[in-house]
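Enquirer: Let me begin by handing over the structure; questions about it come next.
Number of protein chains: 2
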Amino acid sequence: MSDAQRDKGRRVTVKDLARDLGMSVSTVSRAFYPDAVVASETRRLVLERAAALGYRPNPFAQSLITKKTQIVGMVVADLTNPFYPEVMTEMTAMLQEAGMNVMLAAANQPEKIDDAVDLLLTYQPDLVIVLAANMASHAREKCERAGAPCIFFNRLSADGLGFGVTCDNEAGGRLAADHLIDNGHKHLAYVSAFPGASTNVERHRGFCTQAVERGFAPPAVIEAGRFSYEAGYAAGLEAASAGRPLDGVFCANDIVAIGFIAGVQESGRFRVPDDISVVGFDDITMAGWPTHLLTTVAQPLDGMMAATVSLARELAVDRRQDPHILRLPPGRLIERNTTRRRDGGIA
Amino acid sequence: MSDAQRDKGRRVTVKDLARDLGMSVSTVSRAFYPDAVVASETRRLVLERAAALGYRPNPFAQSLITKKTQIVGMVVADLTNPFYPEVMTEMTAMLQEAGMNVMLAAANQPEKIDDAVDLLLTYQPDLVIVLAANMASHAREKCERAGAPCIFFNRLSADGLGFGVTCDNEAGGRLAADHLIDNGHKHLAYVSAFPGASTNVERHRGFCTQAVERGFAPPAVIEAGRFSYEAGYAAGLEAASAGRPLDGVFCANDIVAIGFIAGVQESGRFRVPDDISVVGFDDITMAGWPTHLLTTVAQPLDGMMAATVSLARELAVDRRQDPHILRLPPGRLIERNTTRRRDGGIA
DNA sequence: CTGAAAGCGCTTACAG
DNA sequence: CTGAAAGCGCTTACAG
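And the structure:
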């Protein structure tokens, strides 16, 4: 029985492995780095024995020297949108398959997100991925000062800085406008969520632009104010009571749309889709449930996650890369039961 | 300008701080440990200067010596239940407030959860919290061998080992039975989710026991098989078509109940609550939405999370504690719109 | 009460 | 190609 195995509670270290193999720790260590110069037979021996003993290098000791931690910080807040939990777990799984670990920074109150990020930075993540959070600019700067570039996923940084992975929300907004217009809708409106969110602004702009280009007046704007069911619901109730003519609505995202529809139905004055068609954005799982069957513009989610993970791998190796924004084409508009053709539709 | 400040990119270290203060690193280090013996004036000076320079001890260097990492591993999988994202982020926020950081282990396929846990263990978490995952026993053993006790949240470990924080699901099942029986329901059924889940088993048992004690036959069991909307939906469709008499249904949890109701409605043969009353379990946010207004047994979520965090703090200090299970009383039954009184009700 | 020294588990110049 | 040595940033006996 080897020394390493005898000592039960303790992890196997390079020293154990070196003694076991009758080599120096330097040689053993080098065997784990493909670029390091070691006799190939030596390397084979080391790796074989390491696997047998269950040796795993201690990442803390490693990072003390290499200044890399293989840790990805993930900042989340404001999880009223079911879009993000899906992304969070799926992307964590992908990052773990790439050998990186995810450390979470979460806050139950927006103003505490800064403390959470501070604590996270203590562990020197190689980079930080920001989901959903309205992270203040100084938080991003703090990350970068600590050597961790930030990738904003879906929603971009308010100041436009940092890395970003998103879809072409403007093109998505255009798809929604085309769908409603092609199906004969005349009275369009946009249900706006958080005004400070790039996603909200861009979807609105695309929807508007396309409507105008196709000869319509700029669509009315209904302010929901936040990306949540409750906000959508209130907006739906209010819009139904306002008495303004309305037959085609594009909502900032799915959860707002689902709330909006409930609000409209609740009003008892109009029905979806009989009187009003509603289009969402994201295609979250819930949108496909028989309960909702929401017509929506899909996000190119797999592509966005793949792009984020691949960018993360690059940044983990070399932080010095110019920040840029990756914008993927939106997914298709998925027609379900919350929109229908009106008289005069051309589609 | 101090040495530390001049050197922009680099973090302030104890050495910097010691030089700045004209003390030894030992003394500086001790100042951060309340139990260490240092002149109180010296400690004051150190802490003051540390705050000014933004010094934060490097947790990797610390953990190399102390063998504590202040890292909590959180294992998640199978996130079809919206209950868990809420818990995950809220509990992360609470743990961060207690100075601990959360590292995630996620897998998009159940069989990969083991690799994810292995990678996680590399970072030597002080303990592991298991959410939702059907973590195999050997994974728990692996954690414990690596020095990280496991806390199972909500759903207990299949082998009953490890720490656990859950609510008294059996009492919750009884509440559901009482509510339905008090309101005159005669034909009860339980919609069963994952048969291997302690929550499923216990809720079923409580519901059954209480019905029998009150003079009813053991309620029928409708197998949904999983804790998901889709599973509930299929069960609802099937139950509505089966033609068996049915007027009061208790579902394994909210998301199953929401799916079940949609399935029943879809069948067109019965309506909720006019023909069939449905009770869920959890009181997730969605249950309170006007779309659903689900009658449900609430989880004592705040209590469960507080208990978990406090147990985590204890275990982070001393791992040697006998594993035990904390079982909190269930929350109230919240009556909403998916149940109604039938003739003969006594309530 | 404080400081010099050893050491946690690694990596990486530097010799040989 | 390999090994001895230094060092990453800390903590903690051990002297004094």
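In order, the protein sequence lines correspond to chains A and B.
For the first sequence, the positions run 1 to 347 when UniProt numbering is used.
For the second sequence, the positions run 1 to 347 when UniProt numbering is used.
Note that beta-carbon positions come from the ideal geometry of N, C-alpha and C, so glycine has one too.
Alpha carbons only, please: which of A/Asp322, A/Ala287 and A/Gly243 is nearest the one belonging to A/Val256?
Expert: That would be A/Ala287, whose Cα lies nearest to the Cα of A/Val256.
Enquirer: For a contact defined as C-beta to C-beta under 7 Å, what are the partners of B/Val76 on chain A?
Expert: The answer, in chain order, is Thr89.
Enquirer: Under DSSP, the beta strand (DSSP E) around A/Gly73 begins and ends at which residues?
Expert: Looking at the DSSP string, the run of the beta strand (DSSP E) that includes A/Gly73 is Ile71 to Val76.
Enquirer: Taking 8 Å as the limit between beta carbons, can you name the residues of its chain near A/Tyr229, skipping five residues before and five after?
Expert: Only Thr80, Ile255, Val256, Ile258, Gly259 and Ala262 meet the Cβ criterion.
Enquirer: Buried or exposed: A/Arg271, going by 16 or more other Cβ atoms within 10 Å of its Cβ?
Expert: Looking at its Cβ environment, which holds fewer than 16 other Cβ atoms inside 10 Å, A/Arg271 is exposed.
Enquirer: Run down chain B in chain order and give the residues with a C-beta less than 7 Å from the C-beta of A/Tyr229.
Expert: Chain B residues near A/Tyr229: Trp289.
Enquirer: Answer yes or no: do A/Ala316 and A/Asp118 have a C-beta to C-beta separation smaller than 8 Å?
Expert: No.
Enquirer: Just to check my reading of the structure: A/Val102 and A/Met305 have Cβ atoms closer than 8 Å, yes? What is that Cβ distance to the nearest angstrom?
Expert: Actually they do not touch by this definition, with Cβ atoms about 13 Å apart.
Enquirer: At the 8 Å Cβ level, is B/Val38 part of the contact set with chain A, yes or no?
Expert: Chain A, which has no Cβ nearer than 8 Å to the Cβ of B/Val38, makes this no.
Enquirer: Cβ of residue 381 of chain A within 8 Å of Cβ of A/Pro218?
Expert: Residue 381 of chain A is absent from the structure shown; chain A starts at 1 and stops at 347.
Enquirer: State the start and end residues of the unbroken alpha helix (DSSP H) segment that holds A/Val212.
Expert: Per DSSP, A/Val212 belongs to the alpha helix (DSSP H) from Ser198 to Glu213.
Enquirer: Would you tell me roughly how many angstroms separate the C-alpha atoms of A/Asn154 and A/Gly164, rounded to the nearest one?
Expert: Roughly 7 Å between the two C-alpha positions.
Enquirer: Determine the closest residue to A/Ala136 out of A/Ala93, A/Thr122, A/Asp115 and A/Thr27, with distance taken between C-alpha atoms.
Expert: Closest by alpha carbon: A/Asp115.
Enquirer: With distances taken Cα to Cα, identify the nearest neighbour of A/Arg10 among B/Asp159, B/Asn58, B/Ser26 and B/Glu144.
Expert: Checked all of B/Asp159, B/Asn58, B/Ser26 and B/Glu144; the closest Cα to A/Arg10 is B/Glu144.
Enquirer: Indicate whether the contact test is met: 3 or more Cβ pairs, each with one atom in the region 22-40 of chain A and one in the region 60-74 of chain A, closer than 8 Å.
Expert: The region 22-40 of chain A is not in contact with the region 60-74 of chain A.
Enquirer: B/Ala52 lies in the alpha helix (DSSP H); which residues open and close that run?
Expert: Counting along the chain, the alpha helix (DSSP H) containing B/Ala52 begins and ends at Ser40 to Leu53.
Enquirer: Quick check on A/Tyr55 - is its C-beta less than 8 Å from some C-beta in chain B?
Expert: With 8 Å as the cut-off, A/Tyr55 does not count as an interface residue toward chain B.
Enquirer: Report the residue from B/Ala252, B/Arg269, B/Glu213 and B/Phe250 whose alpha carbon sits nearest the alpha carbon of B/Ala242.
Expert: Checking every option, the nearest Cα to that of B/Ala242 belongs to B/Arg269.
Enquirer: Below 8 Å, how does it come out for the region 179-196 of chain A and the region 234-248 of chain A: are there three or more Cβ pairs, yes or no?
Expert: Counting Cβ pairs under 8 Å, three or more are found: they touch.
Enquirer: Beta-carbon separation of A/Glu90 and B/Asn200 under 8 Å?
Expert: Not closer than 8 Å, so no.
Enquirer: Rank B/Val221, B/Gly160, B/Thr295 and B/Ser198 by C-alpha distance to the C-alpha of B/Ala239 and give the top, closest one.
Expert: The shortest C-alpha separation from B/Ala239 is found at B/Val221.
Enquirer: Which of the three DSSP states, helix, strand or coil, is assigned to A/Gly228?
Expert: The sequence shown places Ser at residue 228 of chain A, not Gly. If DSSP states are grouped into helix, strand and coil, A/Ser228 belongs with coil.
Enquirer: Return the residue from the list A/Ser267, A/Asp322 and A/Gly331 that minimises the CA-CA distance to residue 375 of chain A.
Expert: Residue 375 of chain A falls outside the range modelled here, since chain A spans only 1 to 347, and no answer is possible.
Enquirer: By a C-beta neighbour count over all protein chains shown, 10 Å radius and 16 as the cutoff for buried, is B/Asp343 buried or exposed?
Expert: Label assigned to B/Asp343: exposed.
Enquirer: Look up A/Asp282 in the DSSP assignment and give the residues it is bridged to.
Expert: Per DSSP, A/Ala298.
Enquirer: 8 Å is my cut-off, CB to CB: does B/Gln299 come that close to chain A?
Expert: Not one chain A Cβ lies under 8 Å of B/Gln299.
Enquirer: Report yes or no: is there a C-beta of chain B within less than 8 Å of the C-beta of A/Met103?
Expert: A/Met103 counts as touching chain B.
Enquirer: Among the candidates A/Pro300, A/Gly73, A/Pro82 and A/Val279, whose CA atom is the shortest distance from the CA of A/Arg341?
Expert: With distances taken between Cα atoms, A/Arg341 lies closest to A/Val279.
Enquirer: With the cut-off set at 8 Å, would you say residue 358 of chain B and B/Ala171 are in Cβ contact?
Expert: Within the shown structure, residues of chain B are numbered from 1 to 347, placing residue 358 of chain B beyond reach of any answer.
Enquirer: Verify whether the separation of the beta carbon atoms of B/Met74 and B/Ala93 is less than 8 Å.
Expert: Going by C-beta atoms, B/Met74 is not nearer than 8 Å to B/Ala93.
Enquirer: Check the Cβ of B/Phe60 against every Cβ in chain A and list those closer than 7 Å, keeping chain order.
Expert: Simply Phe60, Ser63 and Leu64.
Enquirer: If I follow the unbroken alpha helix (DSSP H) through A/Thr166, where does it start and stop?
Expert: Unbroken run through A/Thr166 is the beta strand (DSSP E), Phe163 to Cys167; no alpha helix (DSSP H).
Enquirer: Does the ligand GDP have a heavy atom nearer than 7 Å to the CB of B/Ile276?
Expert: In the structure shown, the ligand GDP is absent, as is every other ligand, since no ligand is present at all.
Enquirer: Measuring CB to CB, does B/Ile151 end up less than 8 Å from B/Leu311?
Expert: Going by C-beta atoms, B/Ile151 is nearer than 8 Å to B/Leu311.
Enquirer: Output needed for B/Val14: all residues of its chain with C-beta closer than 6 Å, excluding positions within five of it in sequence on either side, in chain order.
Expert: Correct list, in chain order: Val25, Val28 and Ser29.
Enquirer: Compare the C-alpha of A/Ile276 against each of A/Arg320, A/Arg244, A/Ala211 and A/Pro323 and name the closest.
Expert: Of the listed residues, the one whose Cα sits closest to A/Ile276 is A/Arg244.
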